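Asks: Chains A and B supply the protein sequences, listed in that same order. Note that the working numbering numbers the first sequence so that position 460 is 460, with each residue one more than the last. For any residue, its number in the working numbering is found by taking its place in the second sequence, counting from 1, and adding 756. Ideal Cβ positions, reconstructed from N, Cα and C, are used throughout, including at glycine. Nothing here was measured: the structure is a model prediction, and the numbers come from that model. Below you'll find the structure I mean.
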Amino acid sequence: MSKKFNIDTVANAEATPGQALPWAELGLKQNEYDRVVEILGRRPTGAELAMYSVMWSEHCSYKSSKLHLRQFGDKVTDAMKEHLLVGIGENAGVVDIGDGWAVTFKVESHNHPSFVEPYQGAATGVGGIVRDIISMGARPVAVMDPLRFGAIDHPDTARLVHGIVAGIGGYGNSLGLPNIGGEVVFDSSYQGNPLVNALAVGVLRHEDIRLANASGVGNRVVLFGARTGGDGIGGASVLASESFDDAKPSKRPAVQVGDPFAEKVLIECCLELFKASVVEGIQDLGAAGISCATSELASNGDGGMHVELTKVLLRDPTLTPGEILMSESQERMMAVVTPANAAAFEAIMDKWNVEYSWLGEVTDTGRLVIEWDGETIVDVDPRTVAHDGPVYERPYHRPVWLDGVQADSFKGSSPDLRAAVLELMSSPNMCSKDWVTNQFDRYVQGNTALAMPDDAGVIRVDEATGLGVALSTDANGRYSYLNPYEGARLALAEAYRNVATSGAKPLAVTDCLNFGSPEDPEVMWQFAETVRGLADACQELGVPVTGGNVSLYNQTGGVAIHPTPVVGVLGVFDDVARRTPSGWREDGQAIYLLGTTRNELDGSEWANLRGHLGGTPPVVDLAAEKTLAAVLVNSSRDGMIDAAHDLSEGGLAAALSEAALRFGVGARIGIDELCERDGIDPFTALFSESQGRAIVSVPRSEEVRFNDMCTARNYPTLRIGVVDTEKSALDVQGHFTLPLAELKEAHEGTLPKHFA
Amino acid sequence: MSVETPLIGDFQPFPSASTEGSLAGVRVGVVTFPGTLDDRDAMRAVRLAGGTAISLWHGDHDLRGVDAVIIPGGFSYGDYLRAGAISRFAPLMEQITAAATGGSGALPVLGICNGFQVLTEAHLLPGSMIKNNSLHFLCRDQRLRVENADTLWTSDYAAGEEIVVPLKNQDGQFVADEHTLDELEGEGRVVFRYVGENPNGSRRDIAGISNAAGNVVGLMPHPEHAVEPGFGPDSSARGEVDLRGGTDGLGIFTSVLKKLVG
């Protein structure tokens, strides 16, 4: 026994094989604990148990999802790998965007912490994903936040909206990262389980890529950044891997607390470390803290590491070794440094006033050995902790209720189109999100070429050439509820279309898969179908998944959220000066609708407004999406269009309204020819959510060229109107005229009414 | 010790927007504190205006011979105490304070957002900033009126001219006692005023002020984010509505460069 805390040492574990350990309280199952004992050939020490329990949690080990996620790798073709510099498995994927530049991006969830403590949960969600980006050697350049809340008028929704929005702003704004997009969705399915996903993107030169491995025997291991405290202990195992249950006590202590100032200093300090080439390997500390960093660094490198845990700088001196190993205190990094570079490393730390402690060194023993006061408290093969966790083939089956739901197609319509458009555009999901996005800095760094409310966020990477990237995240839980395979393909199609609409060539994918409990076979089926659909769709569109995150157990009581695969697509621009905004400006430009409109109102926003969720989601044709994207990217590059907006939720009605409101410029629209061509009624023309569609505004001088290109590619186009700067109204001729002032008031009033 | 503030990767010297070679001879220092965010943006603005931007580190004791200083926006030291309250004690602030109060020929100093807050904490400018009256961080394109075009930082504008520049802050509500406010008004030291709806509750719609000599100016909005076509606000008070085309803020930077060359 160690002197300070009655610490359970390896020697003690060997001497007392019968001692009972609280493995169940730490979230391990009987079979998992038995496996730990089998691996070690003895019972684990308390500290070892802490490490295995967090690293083998659902959140860290992907034990329920791993078997399915392999498809993302298996279905990647050589052509898809062309731009991939680092694929799945590292802190974030890295994509080549040309001229020696690379981009790293990833989306992650922080759902459960954000429900317990909205401000800190959301704030540390941003902090965590940004550290993933730094660890790849990149400068973070932007963030995005796909958010999903319960019903807008539920008594608990305002608490979550205020806390989560302020938390994202409070952290991201203080880091100097522009927030360039995201989503805000309200649906009662997320009532007790909001989704807070955070995406970050970073930029680096090819030669600056850093990986998380500890190589070079004798190299030193250093922990730097914030001190280790008692916050977030067991966050991954306890919060992220379990459902909420009213009967259990408050889990507030398991939520981490963020310090954005410390993280901003950490960003600049790490970039200086990279520039000076004084770190060999680096890893951020997120879920599972030091347990994760030491075991992953060691197992990805030369296989051994020796750590003296008493060297860890603490905020709270009463923490036990197990707690220190599990703590999820924020704003910490671990690096591997050669002895020769130690002094240079220390000089950079001192310049930025960042605390650090040398914890140990890399060994070739194949063992991760952790000592406390000179006694060994952990002696494990790090691979068994980091990579050899349990893998479950969870049973799954198609939900019995699905046939009934799919048979229940939406039948409603509305004779008053004007009132219907106003109702749609003021509805919680289609209303202006300015009240949220105005709390985020979209200007800082001076490279934002597009942000909300345009289709994608666009960031310039190279000032000299204008080289840049576009990003969009999308998901539709309602579509996925009706058909998870198609829902995943629809999410990818929309994000892909959004990026192309902005004028960028889609290149790569990140995803955050938010689902209920994997122990429910029906939820597990939704998950399996989603992964299959997304992997198939990525292959068809030729864009690889580079990384992401799975968030399971998103349910309260027995009710799971809608399956919600948030898909982020990254695209590249040769010159961001070519980006296309979502609204038109020039009088007399022709407005074209690209694509075909079918009667597809099942799962639509209009059906949602009527409280209906049934039938089958819109048909997705990825070959058509590919052609549409090529049309949009080429038109943008060759200056054939001045505005483009994709059609998705809310259909043509939403797209026309948003395009007019973007710069406050009206238009005269005719839909009768469209109705005749596609065999639909005016209501369907406006509210159907058929895929593969976009509206564009074309200068008169470019109309012939634009039409020729669409004809050559055999893509359906129809001239549906003309931009009218005089009128200041959306005039759908023969049906209704909607003054923009009235539309704007309806569109912008909803969020302030509920939350201001 | 000096710090290079890297852009993304290594910073390439930006080609000067101006053909007047003499402007490039004016050296404008931009201070970086821990937690400063808009330093690289302020440096870009100086370069686009034709000057030479010099990075200054808060811990240094040397102004590196600069002709003017910009204290940029951000959350220095996290703004955990009062915005700017810790930064004012930085070694470099002693140098700046001494040089800015040196009578005629005093150093021109511009404080933007957090920089304005630092200047009030350092008592180079009167008043103080408290939390926005909405209690939220607010980012929006803001219309301003240039009330005083005689300062070193506003001489490229006409008095009464309106400009649009981004506003983005949490603690942007300018407050001072009535006597100070009357004095500022009476001496023409209100440099910028919000036009239209007051965004944060600032007294008398004040967005920016100067010291009595006119060499020190502070404002909450961010002129450095309205200097480059394609990356500014959508609208411009000077021209047509254009996609992120507003460059109304550039005049602040050209003003001081021309004054210093002249």
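Flag D1004 (chain B) as yes if its beta-carbon sits less than 9 Å from any beta-carbon of chain A, otherwise no.
Replies: In the second sequence, the residue the question calls residue 1004 (chain B) occupies position 248. Taking Cβ atoms only, chain A never reaches closer than 9 Å to D1004 (chain B), which makes this a no.
Asks: Using the rule of at least 16 other Cβ atoms within 10 Å of the residue's Cβ for burial, across every protein chain shown, is K81 (chain A) buried or exposed?
Replies: For the purposes of this step, residue 81 (chain A) is taken as residue 81 along the first sequence, with counting starting at 1. Flag for K81 (chain A) reads exposed.
Asks: Can A491 (chain A) and L471 (chain A) be called in contact, C-beta distance under 9 Å?
Replies: Here residue 491 (chain A) corresponds to residue number 491 of the first sequence, with the count starting at 1. Here residue 471 (chain A) corresponds to residue number 471 of the first sequence, with the count starting at 1. No; because the gap between Cβ atoms is not below 9 Å, this pair is not in contact.
Asks: Since G477 (chain A) and H612 (chain A) are thought to touch, with beta carbons under 8 Å apart, how far apart are those beta carbons, to the nearest angstrom?
Replies: For the purposes of this step, residue 477 (chain A) is taken as residue 477 along the first sequence, with counting starting at 1. For the purposes of this step, residue 612 (chain A) is taken as residue 612 along the first sequence, with counting starting at 1. Contact flag wrong, Cβ pair sits at about 15 Å.
Asks: Quick check on the burial criterion: 16 or more other C-beta atoms within 10 angstroms. Buried or exposed for S991 (chain B)?
Replies: To locate residue 991 (chain B), count along the second sequence from 1; it is residue 235. By the 10 Å Cβ count, S991 (chain B) comes out buried.
Asks: With a CB to CB cut of under 7 Å and the five nearest residues on each side skipped, what residues in its chain are close to G232 (chain A)?
Replies: By one-based count along the first sequence, residue 232 (chain A) stands at place 232. Counting only Cβ-Cβ distances below 7 Å, and skipping sequence neighbours, we find A254, V255, Q256, S327, E328 and S329.
Asks: Return no unless some Cβ of chain B is closer than 9 Å to the Cβ of R252 (chain A).
Replies: By one-based count along the first sequence, residue 252 (chain A) stands at place 252. Here R252 (chain A) scores only 39 on pLDDT, less than 50, and its place in the model should not be relied on; the value that follows carries that caveat. So, not an interface residue.
Asks: Given 8 Å as the limit, tell me if P194 (chain A) has its C-beta closer than that to any heavy atom belonging to the ligand NAD.
Replies: Absent from the structure shown: the ligand NAD. Ligands present: none.
Asks: Between I133 (chain A) and A200 (chain A), which are expected to be in contact by the criterion C-beta below 8 Å, what is the C-beta distance as a whole number of angstroms?
Replies: Against the first sequence, residue 133 (chain A) aligns to sequence position 133. Against the first sequence, residue 200 (chain A) aligns to sequence position 200. The pair is a contact, with the Cβ atoms about 5 Å apart (cut-off 8 Å).
Asks: How would you call V619 (chain A), buried or exposed, if buried means at least 16 neighbouring beta carbons within 10 angstroms?
Replies: By 1-based counting over the first sequence, the position of residue 619 (chain A) is 619. V619 (chain A) should be labelled exposed.
Asks: If you measure from the beta carbon of A577 (chain A) to each beta carbon in chain B, is any gap under 9 Å?
Replies: Translated into positions along the first sequence, residue 577 (chain A) becomes position 577. For A577 (chain A), the answer is yes, since a Cβ of chain B falls inside 9 Å of its Cβ.
Asks: Please state the DSSP three-state secondary structure of W358 (chain A).
Replies: Your numbering for residue 358 (chain A) matches position 358 in the first sequence. Looking at W358 (chain A) - three-state DSSP - the assignment turns out to be strand.
Asks: If the cut is a Cβ gap below 7 Å, which residues of chain E does D441 (chain A) touch?
Replies: Structure shown: chain E not included; protein chains present are A and B.
Asks: For R637 (chain A), decide whether its Cβ has a neighbour in chain B, counting only Cβ atoms nearer than 9 Å.
Replies: By one-based count along the first sequence, residue 637 (chain A) stands at place 637. It does not: the Cβ of R637 (chain A) has no partner Cβ on chain B nearer than 9 Å.
Asks: Run through DSSP, which three-state label would H978 (chain B) get?
Replies: Taking the second sequence and counting its residues from 1, one reaches residue 978 (chain B) at position 222. Reduced to three states, the DSSP call for H978 (chain B) is coil.
Asks: Evaluate T711 (chain A) with the Cβ neighbour count: other Cβ atoms within 10 Å of its Cβ, from every protein chain shown; 16 or more gives buried, anything less gives exposed.
Replies: Looking up residue 711 (chain A) in the first sequence gives position 711. Its Cβ having fewer than 16 others within 10 Å, T711 (chain A) is exposed.
Asks: Is L239 (chain A) helix, strand or coil when you go by DSSP?
Replies: Reading the first sequence from its first residue, position 239 is the one you call residue 239 (chain A). In this prediction, L239 (chain A) has a pLDDT of 45, which is less than 50 and means its spatial position is unreliable; what the coordinates show is noted afterwards. DSSP places L239 (chain A) in helix when its eight states are reduced to three.
Asks: Going along chain A, which residues have a C-beta under 8 Å from E984 (chain B)?
Replies: In the second sequence, residue 984 (chain B) corresponds to position 228, counting from 1. Here the neighbours are G446.
Asks: Would you identify the three-state DSSP class for T365 (chain A), choosing helix, strand or coil?
Replies: Taking the first sequence and counting its residues from 1, the one referred to as residue 365 (chain A) is at position 365. Reduced to three states, the DSSP call for T365 (chain A) is coil.
Asks: Give every residue of the same chain whose Cβ lies closer than 6 Å to the Cβ of F244 (chain A), excluding the five residues on either side of it in the sequence, and list them in chain order.
Replies: What you label residue 244 (chain A) is simply residue 244 of the first sequence in a count that begins at 1. With a pLDDT of 49 at F244 (chain A), under the threshold of 50, the modelled position of this residue cannot be trusted, and the question is left open.
Asks: If you draw a straight line from the C-alpha of A138 (chain A) to the C-alpha of Y52 (chain A), how long is it?
Replies: Mapped onto the first sequence, residue 138 (chain A) falls at position 138. Mapped onto the first sequence, residue 52 (chain A) falls at position 52. Rounded to whole angstroms, A138 (chain A) to Y52 (chain A) spans 30 Å at the Cα level.
Asks: With 8 Å as the limit, tell me which residues of the stretch 345-366 of chain A have their beta carbon closer than that to any beta carbon of chain B; keep them in chain order.
Replies: Residues K351, W352 and N353.
Asks: Between the stretch 162-176 of chain A and chain B, which residues of the former have a C-beta closer than 8 Å to a C-beta of the latter?
Replies: From the stretch 162-176 of chain A, only A166, G169, G170, N173, S174, L175 and G176 have a Cβ closer than 8 Å to chain B.
Asks: Quick one: which chain B residues come within Cβ less than 8 Å of A470 (chain A)?
Replies: On the first sequence, residue 470 (chain A) is found 470 positions in, with the first residue counted as 1. Within 8 Å Cβ-Cβ: nothing; A470 (chain A) doesn't reach chain B, min ~14 Å.
Asks: Is F770 (chain B) helix, strand or coil when you go by DSSP?
Replies: Indexing the second sequence from 1 puts residue 770 (chain B) at position 14. A caution first: F770 (chain B) carries a pLDDT of 45, below 50, which makes its placement in the model too unreliable to give a value.
Asks: According to DSSP, what are the bridge partners of D897 (chain B)?
Replies: Walking along the second sequence from the start, residue 897 (chain B) turns up at place 141. For D897 (chain B), which the question treats as bridged, DSSP gives the partners B:P922.
Asks: Provide the residue(s) that pair with G93 (chain A) in DSSP beta bridges, ordered along the chain.
Replies: Counted from its first residue, the first sequence places residue 93 (chain A) at position 93. Looking at the DSSP assignment, G93 (chain A) forms a beta bridge with A:F105.
Asks: Does E953 (chain B) get closer than 9 Å to chain A when you measure Cβ to Cβ?
Replies: Position 197 of the second sequence holds residue 953 (chain B). Judged by the 9 Å Cβ criterion, E953 (chain B) is not in contact with chain A.
Asks: Cβ of I97 (chain A) within 9 Å of Cβ of F72 (chain A)?
Replies: Along the first sequence, one-based indexing puts residue 97 (chain A) at 97. Along the first sequence, one-based indexing puts residue 72 (chain A) at 72. Not closer than 9 Å, so no.
Asks: Quick one: which residues of the stretch 295-320 of chain A get their C-beta closer than 8 Å to a C-beta of chain B? List them in chain order.
Replies: Listed by position along the chain: nothing, the set is empty.
Asks: At the 9 Å Cβ level, is D998 (chain B) part of the contact set with chain A, yes or no?
Replies: Position 242 of the second sequence, counted from the start, is the residue given in the question as residue 998 (chain B). Interface residue, yes.
Asks: Does the beta carbon of P699 (chain A) come closer than 9 Å to any beta carbon on chain B?
Replies: Taking the first residue of the first sequence as position 1, residue 699 (chain A) is located at position 699. Not one chain B Cβ lies under 9 Å of P699 (chain A).
Asks: Using beta-carbon positions only, say whether L266 (chain A) and G225 (chain A) come within less than 9 Å of one another.
Replies: Locating residue 266 (chain A) in the first sequence gives position 266, counting from the first residue. Locating residue 225 (chain A) in the first sequence gives position 225, counting from the first residue. Yes, Cβ-Cβ distance for L266 (chain A) and G225 (chain A) is below 9 Å.
Asks: At a CB-CB cut-off below 7 Å, which residues of chain B make contact with P44 (chain A)?
Replies: Looking up residue 44 (chain A) in the first sequence gives position 44. Per Cβ cutoff of 7 Å: no residues; P44 (chain A) is ~40 Å from chain B at best.
Asks: Can you give the Cα-Cα distance for P739 (chain A) and L1013 (chain B), rounded to whole angstroms?
Replies: The residue given as residue 739 (chain A) occupies position 739 in the first sequence. The residue given as residue 1013 (chain B) occupies position 257 in the second sequence. C-alpha separation (whole angstroms): 46 Å.
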